[in-house]
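Worksheet: the structure to be examined is printed underneath.
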Amino acid sequence: MKEKFQKLNNWYVGLNTKQRVIIWALSLPYAIFPPTGVLLGGIPWALILLYMEYNRNSNKNN
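Under the working numbering, the first residue of the sequence shown carries the number 5, and numbering increases by one thereafter.
Pasting the structure below:
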């Protein structure tokens, strides 16, 4: 599981600003709408995106 997350994080670090905005624009409605947010994992996905965005600069420097 850790390897999967590391692979996803490395992919996210490589994205440019426009690509990240598109991902956020598509992900937020999915996380906010109650049936998809709770039942289909939208809230955890939004939290993962938030974590990757917060740690993006520190990971990019490594």
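Built from N, CA and C at the ideal position, the CB exists for glycine as well.
Asked, Found
"Buried/exposed call for Tyr-55, threshold 16 Cβ in 10 Å", "exposed"
"Environment of Ala-80 [buried if 16+ CB atoms lie within 10 Å]", "In the structure as shown, the chain begins at 5 and stops at 66. Residue 80 is therefore absent and cannot be evaluated."
"Sequence-distant residues of its chain with Cβ nearer than 6 angstroms to Asn-13 (five each side left out)", "Met-56"
"Option nearest Ala-50 by Cα separation, candidates Ile-36, Lys-6 and Ile-26", "Ile-36"
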